[in-house]
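In my numbering, the protein residues as written are 162 to 589.
For each residue, glycine too, the CB sits at the ideal point set by N, CA and C.
Predicted model only: the values in this text are computed from it and were never measured.
Quick look at the structure:
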């Protein structure tokens, strides 16, 4: 082998390790920054809110959600609960009214999704000039009692878009939900706290989103894709509004705890993120050209693969570095890149486990990661390597089987869950 070919061959493992090093370096940097972040203690009780709950066939569980919203520690005259009963075929509207919510019923067979429901109804809600801000909460969720006081405190400091901590409501149901709890902590707590420390936008996560009237005026909600939260987050960034992280308040949502439910979630999440990546690449280029670090980071947040994929990439990079050592009889740049990937990912997962509060159960759930990654690869292989196609049109409410449902439960019993695209990262 000539000297030129030998040098070219030596570059192969280095190039192979670069993606894992970039991903590991990114999450590792945010993890270190998150350790310095301290949640705000600012509160206020003068901002007037509306909780907005998009719902499709949620009669079974929406009472608990409304009860949680009505029980928040905030002056009762300063907030109201509004349910958007979108194309419901069950008693969601009647049940929500009986629970004390104001209900707006929407019927549009051509435009059916959480995104369409919000885009159509939010302007009508904002016609109430007494409202200062809107909080969007999914119909299968509960909130912390301080959510409005904490949000009002941030708004009083000049923020116009907020994302509260998004957690798993049924973490103890199975190892899958325990694993999700740790992954949510990684993605929602750790990364968002790190981004907040850097003054970046933490992005929107679909649930527990807060918008002032000003935010929805300069960046109206027009997002109707499978990833409506990502879409609107980028619209806000384009309008010069970052999303601040409110880690001192929380919204907890119910996650699928079976292989069937997890599979349907996985297909939707991967479909939505794949469809959005062209816009992320475009945003990355624009952010680099303009020096807009908020836009660059939002794009990076989408382009960094799921944690399971990053773990696979890291293992591959370590393998490439070892092979290079054996062949060349010395460590080279590939070893450094593999180390960056491994240390960054390790710090990220360890910190996510710590802040998740799952303790030994969370550690036990992490032992299932290899089986989870294998399950993902098996689903990918079953599709012949193609992208999933579930719900790709972006205009339907798609079922997620929950712990109180069987997989064949009728639509009238609830369980039509809107997709939060950020969870794609968490479930990996």
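Item                                                                                                                            : Value
Span of the alpha helix (DSSP H), counted from its first residue to its last, around residue 482                                : 468-489
Cutoff 6 Å; reference residue 297; Cβ partners in own chain excluding five residues on either side                              : 213, 370
6 Å Cβ shell around residue 458 - same chain, five flanking residues per side excluded                                          : 361
Counted within 10 angstroms of its Cβ, other Cβ atoms place residue 288 as buried (16 or more) or exposed                       : exposed
Nearest residue (CA-CA) to residue 178, options 473, 304, 517                                                                   : 473
Cβ-Cβ distance between residue 405 and residue 322 below 8 Å                                                                    : yes
Where residue 451 falls, given that 16 or more other Cβ within 10 Å makes a residue buried                                      : exposed
Cut-off 6 Å between Cβ atoms - residues of its own chain near residue 182, not counting five sequence neighbours on either side : 498, 501, 502
Nearest candidate by alpha-carbon position, reference residue 438, set 448, 464, 417                                            : 464
Supposed close pair residue 262, residue 282 - CB separation, criterion 8 Å                                                     : At roughly 14 Å, the Cβ-Cβ gap does not stay under 8 Å, so residue 262 and residue 282 are not in contact.
N- and C-terminal bounds of the beta strand (DSSP E) containing residue 266                                                     : 263-267
Environment of residue 535 [buried if 16+ CB atoms lie within 10 Å]                                                             : exposed
Nearest-angstrom Cα separation, counted from residue 408 out to residue 307                                                     : 11 Å
Rounded distance between the beta-carbons of residue 329 and residue 348, thought under 8 Å                                     : With a Cβ gap of about 11 Å, residue 348 and residue 329 do not count as contacting.
Same chain only: Cβ atoms within 8 Å of residue 216, ignoring 5 sequence neighbours per side                                    : 223, 244, 245, 246, 247, 249, 253, 257, 300
Nearest-angstrom Cα separation, counted from residue 483 out to residue 173                                                     : 13 Å
Nearest-angstrom Cα separation, counted from residue 302 out to residue 236                                                     : 21 Å
Nonlocal neighbours in the same chain, by C-beta distance under 7 Å from residue 343, ignoring five residues either side        : 513, 514, 517, 519, 523, 526, 527
Distance, residue 402 Cα to residue 176 Cα                                                                                      : 36 Å
Terminal residues of the beta strand (DSSP E) in which residue 399 lies                                                         : Premise fails: residue 399 lies in the alpha helix (DSSP H), 389-399, not in any beta strand (DSSP E).
Spatial distance of residue 555 from residue 317 (CA atoms)                                                                     : With a pLDDT of only 48 at residue 555, under 50, the local geometry of the prediction cannot be trusted, and the value read off the model is given with reservation. Looking at the two C-alpha atoms, the distance is approximately 35 Å.
Which of helix, strand or coil DSSP assigns to residue 402                                                                      : coil
Collapsed DSSP secondary structure at residue 290 in the structure displayed                                                    : coil
Rounded C-alpha distance that separates residue 529 from residue 492                                                            : 32 Å
Spatial neighbours of residue 268 in its chain, beta-carbon cut-off 8 Å, leaving aside the 5 residues before and after          : 248
Residue 387 beta carbon less than 8 Å from that of residue 432                                                                  : yes
Backbone secondary structure at residue 173 - three-state DSSP                                                                  : helix
Residue 215 (DSSP reduced to helix, strand or coil)                                                                             : strand
Sub-8 Å separation of residue 279 and residue 210 beta-carbons                                                                  : no
Every unbroken beta strand (DSSP E) within the segment 315-343, with a cutoff of 3 residues, ordered by chain                   : 322-329
DSSP state of residue 241 mapped onto helix, strand, coil                                                                       : strand
Helix, strand or coil at residue 495 [DSSP, three-state]                                                                        : helix
Given residue 205 as reference, the closest of 219, 311, 293 once Cα atoms are compared                                         : 311
Own chain residues within Cβ distance below 6 Å of residue 400, not counting five before or after                               : 379, 380
At least 3 beta-carbon pairs within less than 8 Å: the segment 351-359 vs the segment 183-197                                   : yes
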